[in-house]
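Visitor:
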Amino acid sequence: MATVLARDPPARAAEAATAVTLSEVDGVRYLHFGTEWVQGAMRLALPYRLELEYQQQMMAPLLFVPQPDQVLQLGLGAAALTKFCHRHLRRSRVLAVDIDRTVIRVARQWFALPRDDARLRVVEADAATFVRRAPASTDWLQVDLYDAQARGPVLDDADFYRACRAALRDGGVAAFNLFGRSLRPSLRAIEAAFGRRWLRLPRSAAGNTVVLAFCGAPVEWDTDALQVRAQKMERRFGLPALSWLRGLRSASARRLSLRSGLRMIL
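Below you can see the structure in the form of structure tokens.
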């Protein structure tokens, strides 16, 4: 049974308006936005581990850009991705953006988000506005933007995805967490922005689908080289990267062609 730890009332109108609820089950602390939907999680004994399957999948950019100089994250939640990148990607600068100061405060108080330093900055800002003001600024973009109802991403149109593409440097990769309503509108919007230069991982057990989208000239990836990289990721980070690679090869084989600009040499 879940134990409710704390509730934050809706903030003043001048601030964000999220009602934050925390609960714990079997040693895992969960973040909610006033509903039963899980917005993030942390295992208390392992606060820097990625507890949820989709959070792990959001690290799939490591397969394609293993040493990002800059990581931009839109949506903080329980700060799992922020903490993981800050802890393990020692050469990377991590910039996390969230519209809600309550969420930022709760992440620091209850989810072990460290204070800003030379490699980490957390900004209170609107993601749509922020990303439009950051052209060609990042090697990775991780997008996980949901409200309390979790019916679908709160920013999910072609204009937003075009801004995401513009924020990537040449050769950069974006990871989008898609959950809720039908995937088709989201995939159409992503394709309108990125063309056919996107792939999706197999759906997680909880119903999340992570889509990877790429910026820059067409690239060929040798799957043998990717497999070696995936093995290294499993040893270093404890991430199931080999299963991601198998999923990308099987679920997306028909899209991996010269037409997509993402050909794998099988």
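Heads up, this note's numbering is the position in the sequence shown plus 10, with the first residue counted as 1. Virtual Cβ for every residue (Gly too), placed ideally from N, Cα, C.
Per DSSP, which residues does Phe224 bridge with? Please list them.
Guide: Locating residue 224 in the sequence shown gives position 214, where the first residue counts as 1. Note: Phe224 sits in a beta bridge opposite Val183.
Visitor: Residues in the same chain with beta-carbon distance under 8 Å from Ile109, minus the five sequence neighbours each way, listed in chain order, please.
Guide: Reading the sequence shown from its first residue, position 99 is the one you call residue 109. Excluding sequence neighbours, Ile109 sits near Ala26, Glu134, Ala135, Asp136 and Ala137.
Visitor: Throw me the rounded Cβ distance for the Val75 and Gly182 pair, which I believe falls under 8 Å.
Guide: Here residue 75 refers to the residue found at position 65 of the sequence shown. Here residue 182 refers to the residue found at position 172 of the sequence shown. 7 Å between Cβ atoms; contact.
Visitor: Out of curiosity, what's the CA-to-CA distance linking Val116 and Ser260?
Guide: As a position in the sequence shown, residue 116 is number 106, starting the count at 1. As a position in the sequence shown, residue 260 is number 250, starting the count at 1. When rounded, the distance between both Cα atoms is 40 Å.
Visitor: Span of the alpha helix (DSSP H) holding Ser196?
Guide: Within the sequence shown, the letter at position 186 stands for residue 196. Its alpha helix (DSSP H) spans residues Leu193 to Phe204.
Visitor: Helix, strand or coil: how does DSSP classify Gln77 here?
Guide: Locating residue 77 in the sequence shown gives position 67, counting from the first residue. The answer is coil: DSSP assigns Gln77 none of H, G, I, E or B.
Visitor: Taking the straight line between their C-alpha atoms, what separation do you get for Ala203 and Arg100?
Guide: Here the question's residue 203 lines up with position 193 in the sequence shown. Here the question's residue 100 lines up with position 90 in the sequence shown. Distance between the alpha carbons of Ala203 and Arg100: 31 Å.
Visitor: Rounded to the nearest angstrom, what separates Val132 and Ser147 at their Cα positions?
Guide: Counted from its first residue, the sequence shown places residue 132 at position 122. Counted from its first residue, the sequence shown places residue 147 at position 137. The straight-line gap from Cα to Cα measures roughly 16 Å.
Visitor: Could you check what DSSP says for Leu99 in three-state terms: helix, strand or coil?
Guide: As a working mapping, residue 99 is identified with position 89 in the sequence shown. Coil.
Visitor: Within 10 angstroms of the Cβ of Arg269, are there 16 or more other Cβ atoms? Answer buried if so, exposed if not.
Guide: In the sequence shown, residue 269 corresponds to position 259, counting from 1. Confidence is the limiting factor: at Arg269 the pLDDT is only 41, short of 50, which leaves the residue's position unreliable and the question unanswerable from this model.
Visitor: Would you be able to state if there are at least three C-beta pairs under 8 Å between the stretch 46-63 and the stretch 81-98?
Guide: Contact between the stretch 81-98 and the stretch 46-63 is present, because at least three Cβ pairs lie under 8 Å.
Visitor: By DSSP, does Tyr40 sit in helix, in strand, or in coil?
Guide: Within the sequence shown, the letter at position 30 stands for residue 40. Of the three classes helix, strand and coil, the one that applies to Tyr40 here is strand, per DSSP.
Visitor: On the DSSP bridge list, what partners appear for Arg175?
Guide: In the sequence shown, counting from the first residue as 1, residue 175 sits at position 165. In the DSSP output, where bridge partners are listed per residue, Arg175 has none listed.
Visitor: For Ala51, does the count of other Cβ atoms within 10 angstroms reach 16, so buried, or fall short, so exposed?
Guide: Sequence index remark: in the sequence shown, residue 51 carries index 41 (1-based). Classification of Ala51: buried, given that the 10 Å Cβ count is 16 or more.
Visitor: Does the beta-carbon of Leu54 have 16 or more other beta-carbons within 10 angstroms, so that it is buried, or is it exposed?
Guide: Here residue 54 refers to the residue found at position 44 of the sequence shown. Label assigned to Leu54: exposed.
Visitor: Does DSSP put Ala26 in a helix, in a strand, or in coil?
Guide: Here residue 26 is taken as the residue at index 16 of the sequence shown, counted from 1. Only weak support exists for where Ala26 lies, its pLDDT of 48 falling under 50; the value from the coordinates is given anyway. It is coil, neither helix nor strand.
Visitor: Cutting at 7 Å between CB atoms, please list the residues of its own chain near Gln77, excluding the five before and the five after it.
Guide: For this step, residue 77 is matched to residue 67 along the sequence shown. These residues qualify, in order along the chain: Arg101.
Visitor: Take Asn218 as the anchor and find which of Pro228, Ala251, Tyr156 and Ala240 has the nearest alpha-carbon.
Guide: Residue numbering aside, residue 218 sits at position 208 when the sequence shown is read from its first letter. Among Pro228, Ala251, Tyr156 and Ala240, the Cα nearest to that of Asn218 is on Tyr156.
Visitor: Check whether the stretch 188-207 touches the stretch 164-174, taking contact to mean three or more Cβ pairs, one atom from each stretch, closer than 8 Å.
Guide: Yes, the stretch 188-207 touches the stretch 164-174.
Visitor: Which residue spans inside the stretch 90-152 form an unbroken beta strand (DSSP E) run of at least 3?
Guide: Whole beta strand (DSSP E) segments, 3+ residues: 103-108 and 130-134.
Visitor: Let's see if you can read the secondary structure: which residues bound the beta strand (DSSP E) around Arg239?
Guide: The count along the sequence shown starts at 1 and reaches residue 239 at position 229. That residue, Arg239, is in no beta strand (DSSP E); its alpha helix (DSSP H) goes Thr233 to Phe247.
Visitor: Nearest by alpha-carbon distance to Leu255: which of Arg245, Thr233, Gly248 and Arg246 is it?
Guide: The residue you call residue 255 lines up with position 245 of the sequence shown. Ranking the options by Cα distance to Leu255, first place goes to Thr233.
Visitor: Mind checking which residues open and close the beta strand (DSSP E) that includes Gln66?
Guide: Position 56 of the sequence shown, counted from the start, is the residue given in the question as residue 66. No beta strand (DSSP E) holds Gln66; the alpha helix (DSSP H) holding it covers Glu63 to Gln67.
Visitor: Taking Cβ to Cβ, would you say Gln49 is nearer than 7 Å to Leu62?
Guide: Here residue 49 refers to the residue found at position 39 of the sequence shown. Here residue 62 refers to the residue found at position 52 of the sequence shown. No, they are not a contact pair.
Visitor: Of the residues Arg179, Ser192 and Ala106, which one's Cα is nearest the Cα of Phe140?
Guide: Translated into positions along the sequence shown, residue 140 becomes position 130. Closest option to Phe140, Cα to Cα, is Ala106.
Visitor: Could you give the DSSP three-state label for Trp254: helix, strand or coil?
Guide: Taking the first residue of the sequence shown as position 1, residue 254 is located at position 244. Three-state result, Trp254: helix.
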